[in-house]
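Notes follow the structure.
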Amino acid sequence: MEKPTLKNIILLVIGYLLSACGVDQPTGPGSLPNRYVSFESEQGRLYRNHIQPVLEKRCVVCHGCYDAPCQVNLASAQGIDRGANKQIIYNGTRLTADPLTRLFEDAHTLQDWREKGFYPVLNEDPVGDPLQGSLLYQMLMLKTHNPLSEVVKHNERLPADLFNFSINPENICPNTDQFEEYARSRPHWGMPYGLPPIEPAELKLLEKWLQIGAPLTALPELDAVYQDRIRIWETFLNGVTLKQRLVARYIYEHLFLGHLYFEDLELNNSNIQAYFRIVRSRTPPGEPVSIVSTRRPYDDPEVERVYYRLQRVESSVVAKSHLPYALSNKRLQRFEALFFDTPYSVRKLPGYSPELASNPFKTFTDIPANIRYRFMLEHAKFTINGFIKGAVCRGQVALSVINDHFWVFFVNPDQEALTGIDRFLTKHSEQLQIPPERESNAGITSHWTKYSDLQATYLKEKSERLNELLEERDERFDLDWVWDGDGQNWNAALTVFRHFDSATVVEGLVGRPPKTAWLIDYPILERIHYLLVAGFDVYGNVGHQLSTRLYMDFLRMESEFNFLALLPGDTRTALREHWYQGAKDRVKQYVYGHAQLRTDPEITYPDKNQAKSHLYDRLQQKLSGILSNRYGLENESVPEQHRQILKKLHEFSGGAASILPEMGLLMVADHDRQNRVYTILRNSAHTHITSLLFEQNNRVPENDYVTVLPGFVGAYPDALWLVDSGALEDFVTHVSQLENETDYYHLMSVYGIRRSHEHFWQFSDHLHKIFQLSDPVEYGSLDYNRIENR
Numbered sequence: 005m006e007k008p009t010l011k012n013i014i015l016l017v018i019g020y021l022l023s024a025c026g027v028d029q030p031t032g033p034g035s036l037p038n039r040y041v042s043f044e045s046e047q048g049r050l051y052r053n054h055i056q057p058v059l060e061k062r063c064v065v066c067h068g069c070y071d072a073p074c075q076v077n078l079a080s081a082q083g084i085d086r087g088a089n090k091q092i093i094y095n096g097t098r099l100t101a102d103p104l105t106r107l108f109e110d111a112h113t114l115q116d117w118r119e120k121g122f123y124p125v126l127n128e129d130p131v132g133d134p135l136q137g138s139l140l141y142q143m144l145m146l147k148t149h150n151p152l153s154e155v156v157k158h159n160e161r162l163p164a165d166l167f168n169f170s171i172n173p174e175n176i177c178p179n180t181d182q183f184e185e186y187a188r189s190r191p192h193w194g195m196p197y198g199l200p201p202i203e204p205a206e207l208k209l210l211e212k213w214l215q216i217g218a219p220l221t222a223l224p225e226l227d228a229v230y231q232d233r234i235r236i237w238e239t240f241l242n243g244v245t246l247k248q249r250l251v252a253r254y255i256y257e258h259l260f261l262g263h264l265y266f267e268d269l270e271l272n273n274s275n276i277q278a279y280f281r282i283v284r285s286r287t288p289p290g291e292p293v294s295i296v297s298t299r300r301p302y303d304d305p306e307v308e309r310v311y312y313r314l315q316r317v318e319s320s321v322v323a324k325s326h327l328p329y330a331l332s333n334k335r336l337q338r339f340e341a342l343f344f345d346t347p348y349s350v351r352k353l354p355g356y357s358p359e360l361a362s363n364p365f366k367t368f369t370d371i372p373a374n375i376r377y378r379f380m381l382e383h384a385k386f387t388i389n390g391f392i393k394g395a396v397c398r399g400q401v402a403l404s405v406i407n408d409h410f411w412v413f414f415v416n417p418d419q420e421a422l423t424g425i426d427r428f429l430t431k432h433s434e435q436l437q438i439p440p441e442r443e444s445n446a447g448i449t450s451h452w453t454k455y456s457d458l459q460a461t462y463l464k465e466k467s468e469r470l471n472e473l474l475e476e477r478d479e480r481f482d483l484d485w486v487w488d489g490d491g492q493n494w495n496a497a498l499t500v501f502r503h504f505d506s507a508t509v510v511e512g513l514v515g516r517p518p519k520t521a522w523l524i525d526y527p528i529l530e531r532i533h534y535l536l537v538a539g540f541d542v543y544g545n546v547g548h549q550l551s552t553r554l555y556m557d558f559l560r561m562e563s564e565f566n567f568l569a570l571l572p573g574d575t576r577t578a579l580r581e582h583w584y585q586g587a588k589d590r591v592k593q594y595v596y597g598h599a600q601l602r603t604d605p606e607i608t609y610p611d612k613n614q615a616k617s618h619l620y621d622r623l624q625q626k627l628s629g630i631l632s633n634r635y636g637l638e639n640e641s642v643p644e645q646h647r648q649i650l651k652k653l654h655e656f657s658g659g660a661a662s663i664l665p666e667m668g669l670l671m672v673a674d675h676d677r678q679n680r681v682y683t684i685l686r687n688s689a690h691t692h693i694t695s696l697l698f699e700q701n702n703r704v705p706e707n708d709y710v711t712v713l714p715g716f717v718g719a720y721p722d723a724l725w726l727v728d729s730g731a732l733e734d735f736v737t738h739v740s741q742l743e744n745e746t747d748y749y750h751l752m753s754v755y756g757i758r759r760s761h762e763h764f765w766q767f768s769d770h771l772h773k774i775f776q777l778s779d780p781v782e783y784g785s786l787d788y789n790r791i792e793n794r
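Going by my numbering, the sequence shown opens with residue 5, and the numbers climb by one from there.
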């Protein structure tokens, strides 16, 4: 008989203690329970300290954010209470926008959620059995009665027809009345779906909790020191002058998705104690927040004045949507200097009509463009991450517009030739309109030619003005046009990795020199934000989502064109042809046909056949003072033995690389030191990425290559591996010899942690512990929906 562990004994004791507790149940037919108890009560402490951690470790890894199956978001008490809904959020074919169902925004009571079509996963029948009436319990028991061990041996691949692990599986969402048929027809579809059952002691604990009514609790009151920081920032954000109010609106519309935290209060914490969101409220500081809920952050609030407030984030943090942003005295001083030391006047506040509010070049024209650019630039990773991790959370429609691996640079905001940018942007603000002005029910093609023509005109005017400026000043492009981070800001050089329908942004120039690079200027950066973050609606119709994707094509090509401007003319043409192999001529000519530069750069290229490589080298030299090596194998935290072995894997390309998954996490177990985790990425090669629906037709697997990074890069692992330090060389050799799926099957059998692994959850717990200890600010629960069955 297995000896009980201390953890199991503690969980069982807690379970028995729970039997003495209870919550108020509904007293009549049709009434809804009030599950909320005081945080300081015994039930409250038990939920926060014991029940919530079980849900975080076992449930939130699949049930968080917009893509939670059946909208069962178990990352918060409110989400648990809200329950399930059969509406599919990620639906790229809907003809009209769906009603909004955002937690903490679109409904605030259980009755409101029931009226929106949500049904309970907890028991709400006052006279019924609290377990049999709980869909959550029924799903857990279905897995307990039908574990994976009944159909496969330990760590074996699951039968292909037993589960649907595709990205967009059929949405089957039974309620309690339909559960019997669900269980009969799909006996192995209990929860956790396609994974081992939770531990018996954890199940017993949840069972006791459900039996006493599933008490929930809100977060505790914040300490006075947190309240003081909130007061300072809310005072700054709610000034009375027109300039202060316009600046606050600009800051809000750019930070609204962020998880804000007080850096000085969290320095010594192994996990961040409190994150906040900046929200629009009907009430001023000092009063309870009353959220102004709108589809977009710039929609009409329909109140005389909005107040910008800091509201504590109540959900558990999930990595796929986590956008940490530090607030500090230093940042506050920087905001004061940036927005208010430069003299400019605001005579009238802009309105909220869609045509105006969706166009930041009109809305914020009174704030000098250099100030706006600086604000976005100085935290550029956060800005770019907005469209990577923001409202899309996932979404191949949005991310299929970018390559799997590329470097990002930024135009120098202090370039003297750009001193007239305000006049230029004001003159051409109409041409900078973007599709979100059509809101969430855009026509599929009716307005597209308008934006295409506007962008073409803008590109022509932009290139003509640049040619004039260079001729007037007798100058040519050189490396001074690239921002160096002011010698201290690592945001000046970023790397983007795409993992099919998700992506990651990291600091530094990571990995081998990529096929393409972007050089982003202010108009591009601002439009990316308003197109894919502030203006993107995940509930929008097919026209909205399609026009968003197509317009992002323009911004990618414009960013690439800016980078090509630093290369000799004949090299630009050759690279354009290489980057868009097989693309139609009208696609290749769209940007390059409307934007023409008449001069070569003032950069010496010893060999024009190697011009791109030379430019990469020069840029790395220029930025050497601020380049982060956090995600390089040369990082001093990487043991030398690991470094030498993993470098070989880091250099893989071609056939073996193409067989690997998009993103995998490798844990190296070392008995002499702490276990370490590395991310292994497969960068998929394409002839071009201008095709929305036929991406696979443009794949070039023989050009795929691998990037190995220390730490966690990505939120959706496709594979998990556990390798003893002494066997690391064998693992790399095994990977190098991959030729087909059978070879990969054997690799997973030796080193993989498959869905059927009997210690899957212990491995998961250890993986998350390493993540949290190594990177408490970036830490969030991983998502296991993508784990492959190979």
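Cβ coordinates follow ideal geometry from the N, Cα and C atoms, glycine included.
Everything numeric in this text was worked out from a predicted model, so none of it was measured.
Straight-line Cα distance separating residue j from residue i
i, j, result
"Thr423", "Asn789", "49 angstroms"
"Ser617", "Pro517", "8 angstroms"
"Phe775", "Val321", "13 angstroms"
"Thr113", "Ile371", "40 angstroms"
"Tyr361", "Asp541", "Note that residue 361 is Ala in the sequence shown here, rather than Tyr. Between Ala361 and Asp541, the C-alpha separation is close to 15 angstroms."
"Gly544", "Thr552", "11 angstroms"
"Lys315", "Phe656", "A small correction: the amino acid at residue 315 is Gln; Lys does not occupy that position in the sequence shown. Roughly 46 angstroms separates the two Cα atoms."
"Asp303", "Gly547", "19 angstroms"
"Thr608", "Glu465", "28 angstroms"
"Leu327", "Val509", "11 angstroms"
"Asn744", "Gly659", "9 angstroms"
"Arg477", "Ala384", "30 angstroms"
"Arg647", "Ser285", "51 angstroms"
"Leu474", "Ala421", "8 angstroms"
"Asp482", "Phe567", "11 angstroms"
"Phe379", "Phe339", "8 angstroms"
Three-way DSSP call (helix, strand, coil) for residue i in this model
i, result
"Gln776", "helix"
"His770", "helix"
"Trp487", "coil"
"Ile649", "helix"
"Arg703", "strand"
"His54", "helix"
"Thr520", "strand"
"Ser662", "helix"
"Ala507", "strand"
Contacting residues, own chain, Cβ-Cβ under 6 angstroms from residue i (five flanking each side not counted)
i, result
"Phe169", "Asn793"
"Gln400", "In this predicted model, Gln400 has a pLDDT of only 44, less than 50, meaning its place in the structure is not dependable; the value taken from the coordinates is given anyway. Hits under 6 angstroms: Asp505."
"Leu713", "Tyr635, Thr683"
"Gly48", "Val41, Ser42, Thr221"
"Asn471", "Arg602"
"Gln392", "Before going further, note that residue 392 is Ile rather than Gln in the sequence given. Ala507, Val509, listed in sequence order."
"Ser688", "Asp408, Asp708"
"Cys66", "Tyr788, Asn789"
"Pro73", "none"
Residue i classed as buried or exposed, judged by whether at least 16 other C-beta atoms fall within 10 angstroms
i, result
"His675", "exposed"
"Glu530", "buried"
"Asn495", "buried"
"Ala723", "buried"
"Glu666", "buried"
"Gly668", "buried"
"Leu777", "exposed"
Residues near residue i by beta carbon distance below 7 angstroms, same chain, minus five either side
i, result
"Leu207", "Leu144, Thr148"
"Thr430", "Thr369"
"Asp769", "Lys61"
Same chain only: Cβ atoms within 8 angstroms of residue i, ignoring 5 sequence neighbours per side
i, result
"Leu10", "Reliability of the predicted coordinates at Leu10 is poor, the pLDDT of 45 falling under 50, and the value obtained from them is presented with this limitation in mind. There are no such residues."
- Go through the segment 576 to 620 residue by residue and report every complete run of the alpha helix (DSSP H) that reaches 4 residues or more, in order. 589 to 596
- Message: Give the list of continuous alpha helix (DSSP H) stretches no shorter than 4 residues that lie fully inside the segment 267 to 351.
- Response: 333 to 344
- What are the uninterrupted segments assigned as alpha helix (DSSP H) that are 4 or more residues long and contained completely in the segment 107 to 151, given in chain order? 114 to 119, 139 to 149
- Task: Entirely within the segment 687 to 759 and at least 4 residues each: give me those alpha helix (DSSP H) ranges in chain order.
- Result: 732 to 740, 745 to 755
- Can you give, in chain order, each stretch of the beta strand (DSSP E) that sits fully within the segment 365 to 440 and has at least 3 residues? 409 to 414
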